[in-house]
Amino acid sequence: YYLNSNLKSFFNSLVKIMRRLALHPLTVAWSGRIRAPLLSPVPCLLSPSTRTLFSATGVWEKDYRTDTRRRVEEWWHPRIMAQWRKDAKKFYVLSMFPYPSGRLHMGHVRVYTISDTISHFQRMRGHQVLNPMGWDAFGLPAENAAIERGLDPEDWTKSNIQSMREQLDSLGLCFNWDREVTTCLPDYYRWTQYLFIKLFEAGLAYQKEAVVNWDPVDQTVLADEQVDENGRSWRSGALVEQKLLTQWFIKTTNYAKPLLEALADLPEWYGVKAMQANWIGDCTGCYFDFKLKVNGEETGETLSAYSSSPETVFGAAYLAILPSHRLLHGSSSVRPVLEKALQPGRDSLTEVTARNLFTGREIPLVILHKEAFDGYLDTVIGELLVVSVCLCVYVCVCGWFSGLTREEAFDSITQKAREQKVGGHLTSSKLRDWLISRQRYWGTPIPVVHCGSCGPVAVPEEELPVTLPKLPSLTGKGASPLEAAHDWVNCKCPRCKGPARRETDTMDTFVDSAWYYFRYTDPHNPDRPFERHLADHWLPVDVYIGGKEHAVMHLYYARFLCHFCKDQGLVAHREPFRKLLVQGLIKGQTFKLANSGQYLKREEIDFTGTHYLNLQVTWEKMSKSKHNGLDPQEVVQQYGVDTVRLYILYAAPPEQDILWNVKTDALPGVLRWQSRLWQLVTKMRGARQLGDVPSPSLLKKKELAEAKKIWESKNFAIQEVTSHFTEDFLFNAAISRLMGFTNTLNSATVRVIQHSVEFEEALAALVMMTAPMAPHLASELWAGAPLLQRGGDVLQQSWPTVDPEYLEVPDFVELSVLINNKACGTVTVPLQASKDTERVQQLILESPLGLKHLAERSIKRAILSPRTALINFLIDE
1 YYLNSNLKSF FNSLVKIMRR LALHPLTVAW SGRIRAPLLS PVPCLLSPST
51 RTLFSATGVW EKDYRTDTRR RVEEWWHPRI MAQWRKDAKK FYVLSMFPYP
101 SGRLHMGHVR VYTISDTISH FQRMRGHQVL NPMGWDAFGL PAENAAIERG
151 LDPEDWTKSN IQSMREQLDS LGLCFNWDRE VTTCLPDYYR WTQYLFIKLF
201 EAGLAYQKEA VVNWDPVDQT VLADEQVDEN GRSWRSGALV EQKLLTQWFI
251 KTTNYAKPLL EALADLPEWY GVKAMQANWI GDCTGCYFDF KLKVNGEETG
301 ETLSAYSSSP ETVFGAAYLA ILPSHRLLHG SSSVRPVLEK ALQPGRDSLT
351 EVTARNLFTG REIPLVILHK EAFDGYLDTV IGELLVVSVC LCVYVCVCGW
401 FSGLTREEAF DSITQKAREQ KVGGHLTSSK LRDWLISRQR YWGTPIPVVH
451 CGSCGPVAVP EEELPVTLPK LPSLTGKGAS PLEAAHDWVN CKCPRCKGPA
501 RRETDTMDTF VDSAWYYFRY TDPHNPDRPF ERHLADHWLP VDVYIGGKEH
551 AVMHLYYARF LCHFCKDQGL VAHREPFRKL LVQGLIKGQT FKLANSGQYL
601 KREEIDFTGT HYLNLQVTWE KMSKSKHNGL DPQEVVQQYG VDTVRLYILY
651 AAPPEQDILW NVKTDALPGV LRWQSRLWQL VTKMRGARQL GDVPSPSLLK
701 KKELAEAKKI WESKNFAIQE VTSHFTEDFL FNAAISRLMG FTNTLNSATV
751 RVIQHSVEFE EALAALVMMT APMAPHLASE LWAGAPLLQR GGDVLQQSWP
801 TVDPEYLEVP DFVELSVLIN NKACGTVTVP LQASKDTERV QQLILESPLG
851 LKHLAERSIK RAILSPRTAL INFLIDE
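So this is what it looks like as structure tokens:
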């Protein structure tokens with residue numbers, strides 16, 4: 001110990017001398033024992049005014065200044081990236097991948113801070129963590145930007161990806177970059193096309209003429225989900241038109257019932273499960289397929305019709321369509337017959353009949369004089385009015401269902417229809433199939449050719465990918481841009497080798513993102529989309545993090561495709577995501593003139609002027625057009641990476657919106673906390689330099705009691721913070737608990753710091769629990785705190801656990817909390833602290849209940865009952 005101290009003093013003196021000489025050839029890192037000097041990774045010539053880092057020089061700075069914060073982050077980021085462990089137990093953290101717009105926004109920073117924090121935490125718990133990143137790189141924004149600038153969308157997209165990768169790296173985020181995927185690259189969309197062909201071969205991808213939503217600005221079809229409640233495009237804002245076009249669909253309705261039922265096995269998803277269930281609807285009916293006939297001759301057309309009572313299908317009386325049906329407005333061969341029969345204002349019986357492919361019965365086609373059926377239905381089966389005769393019909397028409405109850409007949413009929421592939425999949429009247437056709441260039445080509453003899457034919461797997469052709473220019477007007485690539489469009493039929501044409505629609509980008517979580521498990525596989533054993537190892541995703549705006553479309557499509565892959569034998573899991581963590585928006589303050597709606601910059605406003613009375617001040621989603629956006633890099637440059645991370649985690653629970661205001665308590669609070677953490681290590685270094693090896697036997701009774709209180713606080717903090725990291729993801733509450741724990745340690749006396757094992761272990765636990773949220777600061781604190789090192793840096797340590805003896809007796813009591821004599825909830829506090837008014841008040845103020853009800857209130861007095869578990873806060877109303 002003396003030798004170590006003397007050598008350490010010698011080297012510290014040597015470093016100071018060398019700095020004065022503007023030399024810096026060595027890096028000396030101390031961990032309470034002798035280490036060999038290492039060649040310095042920093043430049044050899046430094047300015048005499050350059051400050052040091054302990055982890056680089058062995059010299060500890062007493063204060064945590066802005067320049068210290070910057071150098072801590074620069075030093076530790078590459079070292080943190082190199083520390084990831086690879087243990088057997090997996091944990092898959094997935095944050096929704098971004099569209100490569102070229103610039104990160106604060107929403108990106110929030111979601112990736114959360115995923116990075118969870119990743120560090122799970123690694124410290126001994127998991128092999130997968131935290132990948134990629135790019136949702138196809139779509140209209142890149143194509144429109146390329147049109148405006150006269151650029152190739154591929155060049156534009158790749159440039160943006162490079163820029164955003166650099167920005168993500170500057171934020172100190174630790175992603176598995178070796179697993180990066182980019183949806184616009186052929187080695188990715190080859191497998192999107194492969195999965196489409198699997199759907200096509202299973203009868204789940206099909207083409208039909210349909211009335212669709214047309215965006216006149218972006219010149220493309222939109223799914224129903226992409227049209228807002230005002231009938232406008234979700235992207236361009238244009239008023240959507242209705243057009244009759246031949247489009248590609250994926251039959252997601254076949255999976256409606258399994259997708260609905262599987263929700264029951266998932267944990268609660270912040271209300272998203274209810275949104276998914278509402279989107280799907282009650283799956284009590286099904287579709288049956290019919291072949292259309294005119295004058296006894298089949299036309300070759302198949303029509304699917306919905307029955308709300310599948311058990312009565314043998315009693316079907318007619319097939320009903322609406323006057324707006326595509327058969328009356330498209331290119332159907334029965335259109336002339338239907339138009340002849342149509343009588344405006346009346347129900348019309350037509351000469352067209354329909355043969356039920358399940359029952360074999362032929363029934364008439366009727367045009368009902370109605371504007372709509374239930375939900376999105378346009379074709380329904382008209383059943384017999386007297387449903388009670390249906391069992392008689394079963395016996396007479398088909399012996400299959402003789403003697404069955406109505407419920408048994410329902411199950412048997414739908415199951416047999418599914419087996420015969422003529423319908424029977426339970427779904428709702430409000431759910432439509434997934435429309436995936438887009439009349440644009442920058443998307444995954446649909447791998448189908450159209451042959452005059454063979455019809456639509458899938459491109460053989462060995463010919464994948466069908467790559468996008470290079471086009472001389474893009475206009476965004478008229479037909480699909482791919483129509484202009486004549487050499488690409490004209491091809492041979494894979495089946496008959498005759499002349500054919502490629503499909504010129506591209507896929508909706510939601511198809512690309514419906515399976516990317518699979519590709520991350522095996523991103524470089526050239527032979528298949530992924531190896532099953534790798535997908536089975538990593539899936540399901542343990543925590544999926546993203547915005548609630550994707551609660552319906554993306555999550556529904558991703559769940560559908562996982563169910564389909566399970567049925568194809570590609571994976572073992574039916575559901576792709578175990579836990580969903582939705583995060584709210586980061587909003588900025590906006591200033592808008594009430595009479596014109598014009599948004600103003602803050603610096604343009606004279607708050608003392610008369611026009612201030614005409615100003616609307618509110619909080620809205622950050623946007624350049626609203627002058628309330630923030631450049632993440634500028635924020636990081638001003639406050640530092642760890643400060644921004646802590647602010648984002650502390651300002652609000654993940655699912656709530658953050659109102660970005662640096663004058664609030666959140667930002668000053670996390671800045672003060674970082675300084676207090678730094679001062680803790682500084683105090684410990686100072687105390688430990690006062691004497692020899694720590695000796696607990698030198699502590700007096702009062703000091704031993706103080707050490708025990710620290711031990712109790714440590715265990716309580718570990719218990720609470722671990723719960724927040726694993727159960728409710730209330731990182732703000734975890735930080736509050738650590739702030740309180742920091743205050744406890746800061747109040748420790750010098751002798752307790754100098755001689756107690758409890759203080760050292762508590763400080764170690766505090767730094768370790770801080771590490772996932774502020775990894776750079778925690779790494780430097782760990783390097784600088786004497787005797788804390790346990791073989792490696794802080795992120796290589798095992799997450800602290802509660803001491804067994806702390807759990808041997810009931811250590812907690814549930815306190816009822818009253819505010820002005822009115823009960824508002826309960827908070828669990830340590831038994832040892834339950835009689836200490838000041839301690840109880842502090843614990844409650846740091847709890848979620850306290851943050852909600854007391855954070856902004858002026859507390860006049862807190863009354864702790866001496867007899868019952870109750871505390872009453874008297875506050876100003």
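FYI, the numbering for the sequence shown is 1 to 877, going by UniProt numbering.
We put the CB at the ideal spot given by N, CA and C, even for glycine.
Item to check | Outcome for Gly231 when other beta-carbon atoms lying within 10 angstroms are tallied against a minimum of 16 | outcome: The residue labelled residue 231 in the question sits at position 231 within the sequence shown. Under this definition Gly231 is an exposed residue.
Next on the checklist: Restricting to runs no shorter than 4 residues, where is the alpha helix (DSSP H) found entirely within the stretch 567–644?
Outcome noted: The stretch 567–644 contains these whole alpha helix (DSSP H) runs: 632–639.
Checklist entry - Would you report the Cα separation of Leu474 and His573, rounded to the nearest angstrom? => result For the purposes of this step, residue 474 is identified with residue 474 of the sequence shown, where counting begins at 1. For the purposes of this step, residue 573 is identified with residue 573 of the sequence shown, where counting begins at 1. Rounded to whole angstroms, Leu474 to His573 spans 42 Å at the Cα level.
Next on the checklist: Please give me, in chain order, every unbroken run of the alpha helix (DSSP H) with length at least 4 that falls completely inside the stretch 452–524.
Outcome noted: 486–489, 509–512 and 516–519
Item to check | Buried/exposed call for Lys251, threshold 16 Cβ in 10 Å | outcome: Indexing the sequence shown from 1 puts residue 251 at position 251. With 16 or more other Cβ atoms within 10 Å, it is buried.
Checklist entry - Does the separation of the CB atoms of Trp538 and Lys90 fall below 7 Å? => result Position 538 of the sequence shown holds residue 538. Position 90 of the sequence shown holds residue 90. Taking 7 Å as the Cβ cut-off, Trp538 and Lys90 qualify as a contacting pair.
Checklist entry - Between which two residues does the alpha helix (DSSP H) carrying Pro186 extend? => result Residue 186 sits at position 186 when you count from the first residue of the sequence shown. Per DSSP, Pro186 belongs to the alpha helix (DSSP H) from Pro186 to Glu201.
Checklist entry - Would you say Ser816 and Leu870 are within 7 Å of each other, going by their C-beta atoms? => result Taking the sequence shown and counting its residues from 1, one reaches residue 816 at position 816. Taking the sequence shown and counting its residues from 1, one reaches residue 870 at position 870. For Ser816 and Leu870, yes; Cβs fall inside 7 Å.
Next on the checklist: Assuming contact is defined by CB atoms lying nearer than 7 Å, are residue 882 and Phe759 in contact in what I supplied?
Outcome noted: Because the chain in this structure spans residues 1 to 877, residue 882 falls outside the shown range and cannot be described.
Next on the checklist: If you follow the alpha helix (DSSP H) that Leu534 is in, where does it begin and where does it stop?
Outcome noted: Within the sequence shown, numbered from 1, the residue matching residue 534 stands at position 534. Note, Leu534: alpha helix (DSSP H), Arg532 to Trp538.
Checklist entry - DSSP three-state call for Pro696: helix, strand or coil? => result Your numbering for residue 696 matches position 696 in the sequence shown. Reduced to three states, the DSSP call for Pro696 is helix.
Next on the checklist: Pro775 and Ile80 - do their beta-carbons sit closer together than 7 Å?
Outcome noted: Position 80 of the sequence shown, counted from the first residue, corresponds to residue 80. Position 775 of the sequence shown, counted from the first residue, corresponds to residue 775. Against a cut-off of 7 Å, the Cβ pair of Pro775 and Ile80 comes out as a contact.
Checklist entry - Based on the DSSP secondary-structure assignment, which residues constitute the bridge partners of Ala652? => result Sequence index remark: in the sequence shown, residue 652 carries index 652 (1-based). Paired residue(s): none; Ala652 is not in a bridge.
Checklist entry - Does the Cβ of Phe716 lie closer than 6 Å to at least one heavy atom of the ligand PLP? => result The ligand PLP is not among the ligands present in this structure, which contains no ligands whatsoever.
Checklist entry - Taking Cβ to Cβ, would you say Thr379 is nearer than 7 Å to Ala305? => result Reading the sequence shown from its first residue, position 379 is the one you call residue 379. Reading the sequence shown from its first residue, position 305 is the one you call residue 305. In this structure, Ala305 lies closer than 7 Å to Thr379 by Cβ.
Next on the checklist: Using a 10 Å radius around the Cβ and a threshold of 16 neighbouring Cβ atoms, would you call Gly597 buried or exposed?
Outcome noted: Here residue 597 refers to the residue found at position 597 of the sequence shown. Exposed: under 16 other Cβ atoms inside 10 Å.
Checklist entry - To which residues of the same chain is Ala262 closer than 8 Å at the C-beta, ignoring the five residues directly before and after it? => result Within the sequence shown, residue 262 is the residue found at index 262, counting from 1. Cβ within range, chain order: Arg559, His563, Arg574 and Glu575.
Item to check | According to DSSP, residues forming a beta bridge with Gly382 | outcome: As a first step, residue 382 is located in the sequence shown; it is residue number 382 there, counting from the start. According to DSSP, Gly382 bridges with Tyr318.
Checklist entry - From which residue to which residue does the alpha helix (DSSP H) around Lys340 run? => result Against the sequence shown, residue 340 aligns to sequence position 340. That run of the alpha helix (DSSP H) goes Arg335 to Ala341.
Checklist entry - So, is His554 buried or exposed, given that buried needs 16 or more other C-beta atoms within 10 angstroms? => result Locating residue 554 in the sequence shown gives position 554, where the first residue counts as 1. Buried, because 16 or more other Cβ atoms sit within 10 Å of the Cβ of His554.
Next on the checklist: So the candidates are Ala748, Met106, Trp782 and Thr117; which of them puts its Cα closest to the Cα of Asp657?
Outcome noted: In the sequence shown, the residue the question calls residue 657 occupies position 657. Taking each of Ala748, Met106, Trp782 and Thr117 in turn and checking the Cα distance to Asp657, the smallest one comes out for Met106.
Next on the checklist: Please report the distance separating the alpha-carbon of Phe290 from that of Thr590.
Outcome noted: Working through the sequence shown from its first residue, we reach residue 290 at position 290. Working through the sequence shown from its first residue, we reach residue 590 at position 590. Going from the Cα of Phe290 to the Cα of Thr590 covers about 57 Å.
Next on the checklist: DSSP has Val829 in a bridge; who is on the other side?
Outcome noted: Sequence index remark: in the sequence shown, residue 829 carries index 829 (1-based). Paired residue(s): Val813.
Item to check | Alpha carbon of Ser697 to alpha carbon of Trp177, nearest angstrom | outcome: The residue you call residue 697 lines up with position 697 of the sequence shown. The residue you call residue 177 lines up with position 177 of the sequence shown. C-alpha separation (whole angstroms): 51 Å.
Checklist entry - Would the beta-carbon of Tyr441 fall within 7 Å of that of Glu143? => result In the sequence shown, the residue the question calls residue 441 occupies position 441. In the sequence shown, the residue the question calls residue 143 occupies position 143. Cβ atoms of Tyr441 and Glu143: closer than 7 Å.
Item to check | Uninterrupted beta strand (DSSP E) stretches inside the stretch 708–741 (no shorter than 3 residues) | outcome: none
Item to check | Spatially closest choice to Cys286 from Glu311, Lys293, Lys273 and Gln276, by CA coordinates | outcome: Locating residue 286 in the sequence shown gives position 286, counting from the first residue. Per the Cα distances, Glu311.
Next on the checklist: Can you tell me whether Cys565 is helix, strand or coil according to DSSP?
Outcome noted: To locate residue 565, count along the sequence shown from 1; it is residue 565. Cys565: helix per DSSP, three-state reduction.
Next on the checklist: Less than 7 Å between C-beta atoms, sequence neighbours within five positions excluded: which residues of the same chain meet that for Val389?
Outcome noted: Against the sequence shown, residue 389 aligns to sequence position 389. At Val389, the pLDDT of 42 sits below 50, so the modelled position is not reliable and the matter cannot be decided from this model.
Checklist entry - Between the C-alpha atoms of Val457 and Phe175, what's the straight-line distance to the nearest angstrom? => result In the sequence shown, the residue the question calls residue 457 occupies position 457. In the sequence shown, the residue the question calls residue 175 occupies position 175. Computed Cα separation, rounded: 40 Å.
Checklist entry - What's the gap between the Cα of Ala256 and the Cα of Gly139? => result For the purposes of this step, residue 256 is taken as residue 256 along the sequence shown, with counting starting at 1. For the purposes of this step, residue 139 is taken as residue 139 along the sequence shown, with counting starting at 1. Their backbone Cα atoms lie some 27 Å apart in a straight line.
Checklist entry - Among Gln219, Trp269 and Ser437, which residue has its Cα nearest to the Cα of Trp248? => result The sequence position of residue 248 within the sequence shown is 248, counting from 1. Trp248 has its Cα closest to that of Ser437, out of Gln219, Trp269 and Ser437.
Checklist entry - Would you call the CB atoms of Ile859 and Asn872 closer than 7 Å? => result Walking along the sequence shown from the start, residue 859 turns up at place 859. Walking along the sequence shown from the start, residue 872 turns up at place 872. Contact: no.
Checklist entry - When DSSP labels each residue in this structure, what does Arg438 get in the three-state scheme? => result In the sequence shown, the residue the question calls residue 438 occupies position 438. In this structure, Arg438 counts as strand in the three-state DSSP scheme.
Checklist entry - Who are Tyr544's beta bridge partners in DSSP? => result Position 544 of the sequence shown holds residue 544. In the DSSP secondary-structure assignment, Tyr544 is bridged to Leu94 and Leu580.
Checklist entry - Is Lys822 helix, strand or coil when you go by DSSP? => result Walking along the sequence shown from the start, residue 822 turns up at place 822. Three-state result, Lys822: strand.
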